[in-house]
Amino acid sequence: MAIDKNMQILIVDDYKTMLRIVRNLLKQLGFENVDEATDGSAALQKLREKSYGLVISDWNMEPMTGLQLLREVRSDDELKEMPFIMVTAESKSENVVAAKEAGVSNYIVKPFNAETLKSKISSVLGDF
Amino acid sequence: MIGAQARAQLESCLALLRDRRDAAAGRREIAEIVRDVLNSLQGDISARDIRLCEELESLAQYIQEAKNEIAALRPDEISQQHIPSATDELDAIVAATEEATGTILDCTETVEEVAKGLDQENAKKLEDAVTRVYEACNFQDITGQRITKVVKTLKHIEERVNFVVSALGHEPANGAERKPGKAGEQAAPAQDDAALLNGPQLPDNAFSQEDIDALLAD
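Heads up: the protein sequence lines correspond to chains A and B, in order. Under the numbering used here, the first residue of the first sequence carries the number 481, and numbering increases by one thereafter. Under the numbering used here, the first residue of the second sequence carries the number 4, and numbering increases by one thereafter.
Structural data, given as structure tokens:
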């Protein structure tokens, strides 16, 4: 299945620099419709107001972390099927296990490169 | 054996000491109390009791010497000057790298726009270079998180120093009340998940992307 590059993608990170980097890398991959949020609660509000095809979220944010956002998404009947990629510096095995148990679609450890981002999006959404 | 009257006198003195522990009774005060106790014993004191009193006096002297040594280290300076100064410097590093990264991204986005007007071969070369710059700019986020970990450690040291100073009868330094700067701001941990907020790991401790992929595939 080919990826719909017109889909809305929500990126969530409390570092504006990271939002900008991910947005630019997504743009290079052909995704122009990218929205941003700076923590889990702001992201959750956007997800409930608008239709998105993918969430790419950091973990360590306040007041709502990426893991909490993931759990909220998976427990919401309207959002539970949402593809969700965690992009984080949290690289301990217990973090990956916790994210997996919460239902993460894929997991990228920072610092990452463009090829990793592309391959993880592809594994979640289909071929480019 | 100590008689009932002497015992009552001793207990009274110990109660006084306990009540005054926050005020950190000095060696002289403790010695005076011990002397009063000795005077009140009126002959019914044993060799064992004398050894106990000597130990008490020795302990009081040891506490006083420790207080003098710690005072000489000027622990207030650690929490009032050294640690705030270090955290300010670290905040400045985060701010400077953030600003520099912003400038790098501004320039890179300009290059990316200009590349669109070039022939396909050169445009591809520039696009690849631009991608590598974006990838390299990941460092700013990682740097910020590492510095936050260091600031958190410094704050912990500051708290312990203040605890020691307080236990020895000094007021904690005002630095204990100092709010952390930007780099010291921590995400409010989500109760049970707090143990999962470890930040970036050193290379030897970190799971690689390949390790993570394998774990997810299990």
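Beta carbons are placed, not taken as given, at the ideal position from N, Cα and C, and that holds for glycine. These numbers come from a predicted model, not from an experiment.
State the beta-bridge partners of residue i as determined by DSSP.
i: B:E116; result: Per DSSP, none; premise fails for B:E116.
i: A:D610; result: A question about residue 610 of chain A goes unanswered here, because the residues of chain A that appear run from 481 up to 608.
i: A:Y587; result: A:M566
i: B:S61; result: Answer by DSSP bridge pairing: none, since B:S61 is not bridged.
i: A:A430; result: What the structure shows of chain A is the stretch from 481 to 608, and residue 430 of chain A is not part of that stretch, so it cannot be assessed.
i: A:S537; result: A:V492, A:M566
Within 10 angstroms of its Cβ, does residue i collect 16 or more other Cβ (buried), or is it exposed?
i: B:F166; result: exposed
i: B:N208; result: exposed
i: B:F210; result: buried
i: A:D557; result: exposed
i: B:I215; result: buried
i: B:D221; result: exposed
i: B:L205; result: exposed
i: B:T90; result: buried
i: A:N486; result: exposed
i: B:K182; result: Interpretation of B:K182 is limited by its pLDDT of 41, a score under 50 that renders its predicted location unreliable; no figure is taken from the coordinates.
i: A:E552; result: buried
i: A:D493; result: buried
i: B:A170; result: exposed
i: B:G202; result: buried
i: B:I120; result: The identity of residue 120 of chain B in the sequence shown is Gly, whereas the question assumes Ile. Exposed, by the Cβ-count rule.
i: B:A217; result: exposed
i: B:N71; result: exposed
i: B:L19; result: exposed
i: A:F625; result: In this structure chain A extends from 481 to 608, so residue 625 of chain A is not present and cannot be described.
i: B:P78; result: buried
i: B:A75; result: exposed
Residue i and residue j look like a contact to me (Cβ under 8 Å); what is the Cβ gap, rounded to whole Å?
i: A:L490; j: A:A523; result: 6 Å
i: B:L219; j: A:V535; result: About 17 Å; that fails the 8 Å criterion.
i: A:T596; j: B:Q212; result: 6 Å
i: A:L547; j: A:W539; result: 6 Å
i: A:A609; j: B:E138; result: Any question about residue 609 of chain A goes unanswered here, given that chain A covers just 481 to 608.
i: B:D86; j: B:E161; result: Checking the displayed sequence, the identity of residue 86 of chain B turns out to be Ile instead of Asp. 5 Å between Cβ atoms; contact.
i: B:I66; j: B:I150; result: The pair is not a contact, with the Cβ atoms about 39 Å apart (cut-off 8 Å).
i: B:V164; j: B:L93; result: Actually they are not in contact, since the Cβ atoms of B:V164 and B:L93 sit about 18 Å apart, beyond 8 Å.
Inset, instruction - For the region 129 to 148 of chain B, enumerate the residues whose C-beta is nearer than 9 Å to any C-beta of chain A, in chain order. - result: E130, V133, T134, R135, Y137, E138, A139, C140, N141, F142, Q143, D144, I145, G147, Q148
Inset, instruction - Could you run through the region 94 to 106 of chain B and flag, in chain order, every residue whose CB is less than 8 Å away from some CB of chain A? - result: E101, T104, G105
Legend entry - Stretch-stretch touch, CB-based, cutoff 8 Å, three pairs: the region 106 to 118 of chain B with the region 491 to 506 of chain A: yes
Inset, instruction - Determine contact between the region 481 to 488 of chain A and the region 131 to 138 of chain B, defined as no fewer than three beta-carbon pairs at a distance below 8 Å. - result: no
Legend entry - Cβ contact (3+ pairs, closer than 8 Å) linking the region 117 to 130 of chain B and the region 580 to 594 of chain A: no
Legend entry - Near-chain B residues of the region 505 to 519 of chain A (beta-carbon distance less than 7 Å), N- to C-terminal order: L505, Q508
Inset, instruction - Check whether the region 54 to 68 of chain B touches the region 154 to 161 of chain B, counting contact only when three or more Cβ pairs, one atom from each stretch, lie closer than 8 Å. - result: no
Inset, instruction - Residues of the region 196 to 207 of chain B with a CB closer than 7 Å to any CB of chain A: list them in chain order, please. - result: D196, L199, L200, N201, G202, P203, Q204
Legend entry - Chain-ordered residues of the region 543 to 575 of chain A with a beta carbon less than 9 Å from chain B: P543, M544, T545, L547, Q548, A569, E570, S571, K572, S573, E574, N575
Legend entry - Three CB pairs or more closer than 8 Å across the region 587 to 599 of chain A and the region 564 to 571 of chain A: yes
Inset, instruction - Mind checking the region 107 to 127 of chain B against chain A and listing, in chain order, the residues whose C-beta falls within less than 9 Å of any C-beta there? - result: L108, T111, E112, E115
Inset, instruction - Residues of the region 207 to 218 of chain B with a CB closer than 9 Å to any CB of chain A: list them in chain order, please. - result: N208, A209, F210, S211, Q212, D214, I215, D216, L218
Inset, instruction - Specify whether the region 142 to 153 of chain B and the region 505 to 520 of chain A touch according to this definition: at least 3 beta carbon pairs, one from each stretch, less than 8 Å apart. - result: no
Legend entry - Residues, ordered as in the chain, of the region 482 to 504 of chain A that lie near chain B by beta-carbon distance below 7 Å: Y495, T497, M498, R500, I501, N504
Inset, instruction - May I ask you to list, following chain order, the residues of the region 587 to 605 of chain A that have a beta carbon less than 8 Å from some beta carbon of chain B? - result: Y587, I588, V589, K590, P591, F592, N593, A594, T596
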